[in-house]
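Colleague:
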Amino acid sequence: MSSSRAKIVMNDDVISTLAEPRIALARGKAKEIWETLGESKIPVRLQPIITALGIPTRADHLEIDGVCQTDQRGQFLIMYQEDAPVVRQRFTVAHELAHIALEHVSLDGSASSHWSHKAQEAEANAFANELLMPTMDLKTFLKKKDDKRLIEVARRYWVSTAAASVAILHNKLLNKIKIAV
Ligand SMILES: [Zn+2]
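What follows is the structure, given as structure tokens:
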């Protein structure tokens with residue numbers, strides 16, 4: 680019947696599918712953490728930030744880059760791949776921190792059902808990108824007269840050139856990058 684066919688069921692699955700990543704919120708939260716706990720310093724030191732938040736971290740042999748879980752004492756624990764390059768570990772820790780800061784995970788172990796996994800990953804990556812390469816500082820750094828090479832940007836923030844590229848493109852600063860020929 681047409682009446683029943685027209686009925687829309689808005690269960691959690693449907694909401695998850697429809698939810699768009701909250702990029703501005705993710706970047707705003709990262710900016711706030713950098714300015715307060717990170718004291719607006721560059722390169723961003725993650726250890727004092729996660730210590731202030733009371734989140735232990737542990738390097739381990741993992742199949743994946745990192746994971747955020749709750750330990751036996753009911754505390755968050757961020758684990759990251761110990762064999763990964765330091766710049767990748769930094770991004771991973773910032774990414775996992777995002778899942779906590781953006782409340783994708785809760786201490787009782789339940790996962791947020793309102794945003795799809797894909798949206799949560801996009802938010803976590805945006806958060807990590809902003810936390811490690813704060814827009815405000817990146818714009819100032821690249822505004823200087825001489826164009827910078829991508830590797831100089833990556834070195835300043837202790838990130839990979841891939842992560843630096845994402846921040847540069849997000850902030851529409853590609854014209855400030857010197858392309859070596
Ligand atoms: Zn993730």
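Here the sequence shown is numbered in this note's numbering, starting from 680 and rising by one per residue.
Positions of the beta carbon are idealized from the N, C-alpha and C atoms, including for glycine.
Because the structure is a prediction, the values reported are computed rather than measured.
#1: If you pair each beta-carbon of the region 797 to 805 with each one of the region 752 to 769, do three or more pairs fall below 8 Å?
#2: Using the beta-carbon count (16 or more within 10 Å), is Glu775 buried or exposed?
#3: Going straight from the alpha carbon of Ile856 to that of Asp825, what length do you get?
#4: How big is the Cα-Cα spacing for Ile743 and Glu761?
#5: Starting from Gly707, follow the alpha helix (DSSP H) in both directions and report where the run begins and ends.
#6: From what residue to what residue does the alpha helix (DSSP H) around Ile725 run?
#7: Can you have a look at Pro700 and say buried or exposed, based on whether 16 or more other CB atoms are within 10 angstroms of its CB?
#8: I need the DSSP call for Val766, collapsed to helix, strand or coil.
#9: Does the distance between the C-beta of Glu800 and the nearest non-hydrogen atom of ligand 1 fall short of 6 Å?
#10: Put Ala738 into one of helix, strand or coil per three-state DSSP.
Modeller: With the structure as the only source:
#1: Taking a contact to require three or more Cβ pairs closer than 8 Å, the region 797 to 805 and the region 752 to 769 do not qualify as touching.
#2: Under a 10 Å Cβ-count criterion, Glu775 is classified as buried, with 16 or more other Cβ atoms of the shown protein chains found around its own Cβ.
#3: Whole-angstrom Cα-Cα distance: 9 Å.
#4: Distance between the alpha carbons of Ile743 and Glu761: 10 Å.
#5: Counting along the chain, the alpha helix (DSSP H) containing Gly707 begins and ends at Ile702 to Thr715.
#6: Inspection of the sequence shows that residue 725 is occupied by Leu rather than by Ile. That run of the alpha helix (DSSP H) goes Leu725 to Ala731.
#7: That one is buried.
#8: Helix, per DSSP.
#9: At least one heavy atom of ligand 1 lies less than 6 Å from the C-beta of Glu800.
#10: Three-state DSSP puts Ala738 in a strand.
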